[in-house]
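Here is the structure we will look at, set down as structure tokens.
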Amino acid sequence: MGVILIAFERESEQSALETLLSGRGHRVLKSSNGLAALDVARREPPQAIVSDIVLPRMDGFALCRKWKQDERLQSIPFVFYTRRHDDPKYERFALELGAERFLSRSTAPDKLLSALDELLPAGHANGARANENGGHGNGTSGNTRPMNMLDTAAMQRFAVLEKTQAEALEKAQAAQRQQAAQAEALDKAQRQQAAQAEALEKAQRQQAAQAEALERAQRAQAEQTEALEKAQRAQAEAVERVERLQAEAQYSAQQAQAQGEAVERAVQAQARLRSQVSELEAGNQRLAAGEARFRRVFENNPQPMWIADHATGGFIAVNDAALAMYGYSRAEFLGLKASALTLPGGESPDSSISVHQRKDSLALFLSISSQQIEFDGRNADLVAAFDLSQRLETERQLQEQAKAGNSLLDSAADGSWLLGSDGQIQDVNAAYCRMSGYSKEELLRMNAADIEDPASGETTMRLQLGRVRGGGRYETKHRRKDGTLLDVEVSVGLLENRRGDSIVLIRDTAQRRRDLIAQRIQQRQADFLVDLFKQADSLDESAIVRRVIEQAMEAGRSPLGYLYFVDNAQKTMTLAAWRDGGRPQVVMADSEPQPIGRAMMLSECVRGKHPTWTNDAARKPQNDGLPDLTRFLAVPMLSGEEVIAVLGVGNRDANYTEEDQRTLAALADGVWRLLHSKRAHAVTLSALQRTDVALQGMIDSFVRMSERHDPYTAGSSRRLAALAVAIGREAGLDGERQHGLRVAALLHDIGNIAVPASILSKPAPLTETELALMRTHVEEGCQLLADIDLGAPIADIIYQSHERFDGSGYPRGLKGEEIMIEARILAIADTVEAMCSPRPYRPALGMDAAIDEINRSAGKLYDQHLVAACTRLVRQHGFTLPA
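Read in the numbering used here, the sequence shown has 555 at position 196, and its numbers run on one by one without any break.
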């Protein structure tokens, strides 16, 4: 039993754990956030801590890390008890941080109690005191309830738990007794087995003695046999020595004759060897000269060349042309592998062309030739490269120019014919096929007279007249494939060829009128988007949606407009707002999300990520509050590759066209950019606010840590900050520098944590050694804050805060303008605040004495302009230090 600290955000969770742990006799300390839990533990270290992962201000993982880094707390068990157990990475991370247990909240509470029983030392003194005091704790959120305050249901549950534990203990004891009986029987069986083993061993010893006697008899017989064999071998050796002496005598005679012949052959071989050595030396000289010529040709060759080693895959040599082409130095190139020259993912226009990369990663298109050689005794490849990059680029430009020329007429918005001298159509572009409704094959079988309408007063005679005069322009009507007439403007030009062909340009004048109308609509839409962007800061999202739906109805000339938002994670879409002609204003819908698959009319727009429309006039009922649809047009709003909304119009009498689709899509794209920017701005603003809160929390923690180390200066930092900011404002510092000055003032004594508390609170003057140690606090503070981005050079301000205007300060002896103005202000404010506050060795001296002191030292220790600003602030404006 002991003191348990619990860290959970919700009071209901704290109360449930307090009831559970108090029932076991533990004293409970409670905390609702990570920082508070760490603060409580440092004031009164518990015997264990039980924490959730999700905590405000400092989450459970950060708390565990700080806990295991604290020398006083690191030996105290840390137990996670959390709902965040759905991913094994949480448990792994918790155990890596040093947590002793990681328990799921879905498990039985007994497992938590069992874990604490295992981790807590038995019979701990604090546990005993907790039982004597009735389980009262003193956590950050209040005292725990005594046992007599538990509700009846909890008491019943604890009774059932105790009964269950008693029954389990009794069963365990019975199992132990049964196990003891089994152990006794096993021991008896083992003794019997040992007796049997002893008898067997005795029989084996007797058998071994008999075997030893037999072995001695066999050895004696073997010795007699060996003596006989030795005598036989001696006789054989004598005969062999006689025969060997005879053979040696005969061999000596033969050897003498062979030696004479060998000497003669050696003399002849030596002569041949001298001749071969001479030839080899001459060959080496020729080879060296050839190699020198090869090296000169290789090095000076304008063709890029290198030698690649078969064994290592690296390079043995490279010439200057290759170095210039690839952009490497010789040492860099020879340090590469051959594979490093190949451009990863490079696509070659031809299998015979290799794609390499320069040092600057630019692509090189090369024609590579390789020849196997032997170089310096190694098998290698002599590689030559020809740079085709410029030629390929020239070919590509020529091809693009040819394609541009060939597709000029096809890409034109107006129709065109290539007309023979007999009026036969020889070629036609895609634009005229769309205008007339004919296919290209059908038009190539027709004559101009088959298409021009003679009733319009213009015939092919006018066309022929234009041809004769070298060109002309007139208006007429052409007959479409469906029989309808098309108003067109015809321009004729004579080509300079021997066949007398003409080029005829045909413009749809009706399309020109439609284009003018579309341009006016696009202009109004652009004006609408510009106006909407200007007013975006003053409009919320619902107001923007209303205006967008009204603009969509106007642009689509439709009596109905609507907007759906899409949730890609849930695969649902929700009607956000709509308006039809019978309503005076847009209706903000409150409908339930529906699966995308159920929105039959709009699901294709979401899944296909493209506009969807139908000109079917049949009524289509909707089940989400939107009026019934007949004809409709819907376009997606895309964020990257995801559809986040659908903007649509519907129910107009005329059919929807591709122009309507383009107009509505342009509106949707502009609106989504606005909504995305507004949402992103809101997210950024929220993140900045959270960052400011976290930064201020960190600063407050540093201040509390410093004040806890030196209790006599409690509140000093806040009073100093108020005075320093006021002086900075009086001296003309802008708001950003005032903020930096405030943070520096709050943290100016953070380095005191490295100074012993006995020196800080000493009620007598400091010795030289103590004073030197005290002065190290500025360097300690600077090092502590050097790597923290606080939005201003806080570490530098603190480091210079004890410099003096005449250079008599420390640690660097800076003087005058060398000292930052914030540090000069801090020096004055620190002096005034210190004199107005009591110290262990003196009482407070008061504001008047402090102002007189800084004025006596103005221009010496302190900047006289800043001293004047401080004096005005106090004596003219009535500034007083906060309590």
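Yeah, the Cβ is synthetic: ideal placement off N, Cα and C, and Gly gets one too.
Identity of the residue in the options nearest residue i by Cα
i, options, result
"ASP398", "ALA567, LEU364, ALA1188 and PHE724", "LEU364"
"GLY1056", "LEU1220, LEU388, GLY920 and PRO415", "PRO415"
"LEU961", "VAL925, ARG942, GLN944 and PRO943", "VAL925"
"SER729", "ALA1090, VAL714, GLY694 and MET664", "MET664"
"THR1135", "VAL362, LEU1047 and ARG1171", "ARG1171"
"GLY419", "THR441, GLU913 and PRO405", "THR441"
"ALA1090", "LEU1047, ALA1131 and ILE1184", "ILE1184"
"ARG717", "ASP709, ASP1093, GLY705 and SER711", "GLY705"
"LEU844", "ASP1189, VAL413, PRO813 and ARG832", "PRO813"
"ARG654", "LEU741, LEU1023, VAL1137 and ASN927", "LEU741"
"GLU811", "VAL849, VAL787, ALA790 and ARG793", "VAL849"
"ARG1011", "LYS1037, VAL945, PRO970 and ASP939", "ASP939"
"LYS840", "MET794, THR671 and TYR1221", "MET794"
"VAL656", "ALA586, ALA743 and ASP1155", "ALA743"
"ILE727", "GLY736, THR753, LEU700 and ARG737", "LEU700"
"ARG737", "PHE674, SER374, GLY796 and LEU888", "PHE674"
"TYR791", "PRO1197, ARG631, ASP809 and ALA771", "ALA771"
"HIS1161", "ALA595, ASP809, GLU1177 and ALA697", "GLU1177"
"VAL787", "ASP781, GLU801 and SER780", "GLU801"
"SER711", "ASP746, SER698 and SER720", "ASP746"
"TYR923", "THR931, ASP1189 and MET805", "THR931"
"ALA977", "ARG645, GLY1009 and ASN1214", "GLY1009"
"ASP709", "LEU1143, LEU751 and GLY1029", "LEU751"
"HIS1107", "VAL1052, ARG1038, ALA593 and LEU1143", "LEU1143"
Delimiting residues of the beta strand (DSSP E) encompassing residue i
i, result
"GLN730", "722-734"
"PHE461", "460-463"
"THR441", "437-441"
"GLY1007", "1001-1009"
"HIS969", "Here HIS969 belongs to no beta strand (DSSP E), and DSSP marks it neither H nor E."
"GLN716", "713-716"
"GLN785", "784-787"
"GLY1140", "That residue, GLY1140, is in no beta strand (DSSP E); its alpha helix (DSSP H) goes 1136-1144."
"ALA407", "407-410"
Extent of the continuous alpha helix (DSSP H) to which residue i belongs
i, result
"ALA474", "468-478"
"HIS1098", "1094-1105"
"THR931", "Segment 931-939 is the beta strand (DSSP E) holding THR931; no alpha helix (DSSP H) there."
"PRO447", "447-456"
"SER1075", "1075-1090"
"PHE420", "419-428"
"SER998", "Run containing SER998: none in the alpha helix (DSSP H); it sits in the beta strand (DSSP E), 991-998."
"ALA1203", "From DSSP, ALA1203 is part of no alpha helix (DSSP H); its letter is neither H nor E."
"GLY779", "First-last for GLY779: undefined, no H or E at that position."
"ALA667", "Run containing ALA667: none in the alpha helix (DSSP H); it sits in the beta strand (DSSP E), 664-668."
Cβ shell of residue i (< 6 Å), same chain only, five flanking positions each side left out
i, result
"GLY1140", "ILE1109, GLY1110 and ILE1157"
"TRP1031", "MET996"
"ILE1003", "VAL925 and MET996"
"ARG460", "VAL438 and ALA474"
"VAL1062", "SER1076 and LEU1105"
Chain-order list of residues whose beta-carbon lies under 7 Å from that of residue i (same chain, five-residue window excluded)
i, result
"ALA948", "LEU934, ALA935, ALA936, TRP937 and GLY984"
"ILE862", "SER775, LEU777, GLY852 and LEU854"
"ARG488", "With a pLDDT of only 37 at ARG488, under 50, the local geometry of the prediction cannot be trusted, and the value read off the model is given with reservation. Contacts found: none."
"ALA683", "none"
"VAL946", "ALA936, TRP937 and ARG938"
"SER748", "LEU723 and PHE724"
"PHE692", "PHE674, VAL677, LEU682 and TYR685"
"MET1206", "CYS1195 and VAL1233"
"ARG1078", "GLU1192, LEU1240 and PRO1241"
"GLY1175", "PHE1164"
Neighbourhood of residue i by C-beta, 8 Å cutoff - its chain only, sequence neighbours within 5 removed
i, result
"GLN1020", "PRO970, TRP972, LEU992 and VAL994"
"ILE435", "ALA400, PRO404, PRO405, GLN406, ALA407, ILE408 and TRP426"
"ALA1188", "LEU1079, LEU1082, ALA1083, ILE1086, ALA1104 and CYS1229"
Requested in this report: Pair every Cβ in the region 424-431 with every Cβ in the region 386-403, then say whether three or more of these pairs are closer than 8 Å.
Outcome: yes
Query raised in the report: Does the region 879-894 come within contact of the region 978-993, defined as at least 3 CB pairs closer than 8 Å?
Result: no
Query raised in the report: Does the region 1097-1107 touch the region 1200-1210, meaning 3 or more C-beta pairs lie closer than 8 Å?
Result: no
Query raised in the report: Which runs of the alpha helix (DSSP H), 4 residues or longer, sit entirely within the region 363-391?
Result: 370-382
Query raised in the report: What are the uninterrupted segments assigned as beta strand (DSSP E) that are 3 or more residues long and contained completely in the region 886-930, given in chain order?
Result: Entirely contained in the region 886-930, the beta strand (DSSP E) runs reaching 3 residues are, in chain order, 919-926.
Query raised in the report: Along the chain, which unbroken stretches of the beta strand (DSSP E) at least 3 residues long are found entirely within the region 617-697?
Result: List check, beta strand (DSSP E) in window: 664-668 and 674-677.
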